[in-house]
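Its first residue numbered 1, the sequence shown is counted upward by one per residue in the UniProt record's numbering.
Backbone N, C-alpha and C fix where the C-beta goes; we use that ideal spot for every residue, glycine too.
For clarity, every value in this text was computed on a predicted model and none was experimentally measured.
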Amino acid sequence: MLKFLKNKRGAIGIGTLIIFIALVLVAAVAAAVIINTAGKLQHKASTVGQESTKQVASGIQVLKVAGYADVNSTDSFIIINTTSNKTIINNSAYRSISDSSQYDHIKGIAIFVEPNIGDDIDLSSTIITISDEDKKVSLVYSGIIEHVDTNGTENIFKGLVLEGANDSVNTTEVNTTDGKHINGSYVVIRNSDGIVVGKDGWVLNNMPKFGIIVLQDADQSTYGAHPTINYGDKVVLTVNTGEIFKPGVGIREKISGEVIPEYGASGIIEFRTPSVYGGKVVALQ
């Protein structure tokens, strides 16, 4: 036993001490690198987790979709009589001309939506995609928003068709000489002598974007350039299907689409129109 121990001598001296210190330093550096890497991975995992939670918990639900049916050959227009000043409106009147009593096309749809439990949804960054069997379009926010105190569908469409949204949409000149029907709503401008002011007086309401009608907004988060909805809010997104799918959506047609927020799950639009439109307001989804 003593002979065995004599053959196994321990390392001693300054060289051994230097090696020991070097090993300690290497271990310390390695530990620092591991701790730093772990911190970065933890931060990245937290960020990914927050993004995943936002994507899963946030989003938009489509509660229902209603349509506004009208006859195919109908002109809705406003006659505005100006004074000799040409900058003052003397009076105005609403007129409608139709050659049919059968509702045969959906001219506009109202998409009732609310947010999921999660982050707020900025509607100005939301996109609506909608398609029939032949055409697909993507719509962005038009900047047109109305706040109402009722959730009655018929009242909403009253604002959608004549007043409210259509009052502020951009217009595109219609080159017409006889005033006959061209899909859309028209503003007829007359001078003080009752004469229509040339073809420039005829304009077609063009709405390639969607508008917003606010039904419920307790904290008034929908006011401003970036209307935002949070939990408990309810709004209607209005789409001019008469302009998108000229002359509108007919009977027995399949329509599909999505309401796509900046973050979160999309709301689904999918329905087939009925075989007959029994009235102006039609439940679609």
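| Chain-order list of residues whose beta-carbon lies under 7 Å from that of Phe245 (same chain, five-residue window excluded) | Within the sequence shown, residue 245 is the residue found at index 245, counting from 1. Counting only Cβ-Cβ distances below 7 Å, and skipping sequence neighbours, we find Asp132 and Lys135.
| task | May I ask you to report which of helix, strand or coil DSSP gives Ser266? | result | Looking up residue 266 in the sequence shown gives position 266. Ser266 falls in the coil class under three-state DSSP.
| task | Could you tell me which residues DSSP puts in a beta bridge with Lys64? | result | Reading the sequence shown from its first residue, position 64 is the one you call residue 64. BP columns for Lys64 point to Phe112.
| message | So, with DSSP's three-state summary, where would you put Gln220? | response | Sequence index remark: in the sequence shown, residue 220 carries index 220 (1-based). In the structure shown, Gln220 sits in coil (DSSP, three-state: anything other than H, G, I, E or B).
| request: Determine the burial state of Gly59: buried for a count of at least 16 other Cβ atoms within 10 Å of its Cβ, exposed for fewer. | output: Translated into the one-based positions of the sequence shown, residue 59 becomes position 59. Under this definition Gly59 is a buried residue.
| Where His147 falls: helix, strand or coil (DSSP) | Counted from its first residue, the sequence shown places residue 147 at position 147. If DSSP states are grouped into helix, strand and coil, His147 belongs with the strands.
| message | Considering Cα atoms alone, identify which of Ser125, Ala283, Ile145 and Gly224 is closest to Ile260. | response | The residue you call residue 260 lines up with position 260 of the sequence shown. Residue Ser125 is the option with its Cα nearest to Ile260.
| field | Whole-angstrom distance between Asp233 and Ser138, CA atom to CA atom | value | In the sequence shown, residue 138 corresponds to position 138, counting from 1. In the sequence shown, residue 233 corresponds to position 233, counting from 1. Distance between the alpha carbons of Ser138 and Asp233 is about 24 Å.
| Beta carbon of Thr129, beta carbon of Glu253: below 9 Å? | On the sequence shown, residue 129 is found 129 positions in, with the first residue counted as 1. On the sequence shown, residue 253 is found 253 positions in, with the first residue counted as 1. No; because the gap between Cβ atoms is not below 9 Å, this pair is not in contact.
| Cβ-based neighbour list, Tyr231, same chain, cut-off 7 Å, excluding 5 preceding and 5 following | The residue labelled residue 231 in the question sits at position 231 within the sequence shown. Only Pro115 and Ile117 meet the Cβ criterion.
| request: Work out the CA separation of Gly242 and Gly108 for me, nearest whole Å. | output: Numbered from its first residue, the sequence shown carries residue 108 at position 108. Numbered from its first residue, the sequence shown carries residue 242 at position 242. Taking the straight line joining both Cα atoms gives about 6 Å.
| message | Only counting the same chain, and skipping five residues up and downstream in sequence, which positions put a Cβ closer than 6 Å to that of Ala265? | response | Position 265 of the sequence shown, counted from the start, is the residue given in the question as residue 265. Answer for Ala265: Gly59, listed in chain order.
| query | From this set, Leu123, Ala30, Ile19 and Asn36, which residue's C-alpha is nearest Lys209's C-alpha? | reply | Numbered from its first residue, the sequence shown carries residue 209 at position 209. Of Leu123, Ala30, Ile19 and Asn36, the residue nearest in Cα terms is Leu123.
| If we call anything under 9 Å between Cβ atoms a contact, is Val214 one with Ile106? | Here the question's residue 214 lines up with position 214 in the sequence shown. Here the question's residue 106 lines up with position 106 in the sequence shown. Against a cut-off of 9 Å, the Cβ pair of Ile106 and Val214 comes out as no contact.
| request: From the DSSP output, read off the bridge partner residues of Glu258. | output: Here residue 258 refers to the residue found at position 258 of the sequence shown. DSSP, once it has assigned bridges, lists Thr129 and Ile268 as partnering Glu258.
| With DSSP run on the structure shown, which of helix, strand or coil describes Ala22? | For the purposes of this step, residue 22 is taken as the residue at position 22 of the sequence shown. Of the three classes helix, strand and coil, the one that applies to Ala22 here is helix, per DSSP.
| request: Could you check the C-alpha separation between Leu23 and Thr37 for me, to the nearest Å? | output: For this step, residue 23 is matched to residue 23 along the sequence shown. For this step, residue 37 is matched to residue 37 along the sequence shown. Approximately 21 Å between the Cα atoms of the pair.
| What number of angstroms, rounded off, separates the C-alpha of Gly248 from the C-alpha of Glu146? | If you number the sequence shown from 1, residue 248 lands on position 248. If you number the sequence shown from 1, residue 146 lands on position 146. Computed Cα separation, rounded: 23 Å.
| Helix, strand or coil: how does DSSP classify Leu17 here? | Looking up residue 17 in the sequence shown gives position 17. Three-state DSSP puts Leu17 in a helix.
| said: Rounded to whole angstroms, what is the Cα-Cα separation between Leu237 and Pro274? | reply: By one-based count along the sequence shown, residue 237 stands at place 237. By one-based count along the sequence shown, residue 274 stands at place 274. Each residue's Cα considered, the two are about 21 Å apart.
| Rounded straight-line distance, which links the Cα of Ser46 to that of Leu284 | For the purposes of this step, residue 284 is taken as residue 284 along the sequence shown, with counting starting at 1. For the purposes of this step, residue 46 is taken as residue 46 along the sequence shown, with counting starting at 1. Roughly 42 Å separates the two Cα atoms.
| field | Thr241 - containing beta strand (DSSP E), residue span | value | What you label residue 241 is simply residue 241 of the sequence shown in a count that begins at 1. Premise fails: Thr241 lies in the alpha helix (DSSP H), Thr241 to Ile244, not in any beta strand (DSSP E).
| Residue closest to Gln216, alpha-carbon to alpha-carbon, out of Ala225, Ile229 and Gly224 | For the purposes of this step, residue 216 is identified with residue 216 of the sequence shown, where counting begins at 1. Nearest option by C-alpha distance: Ile229.
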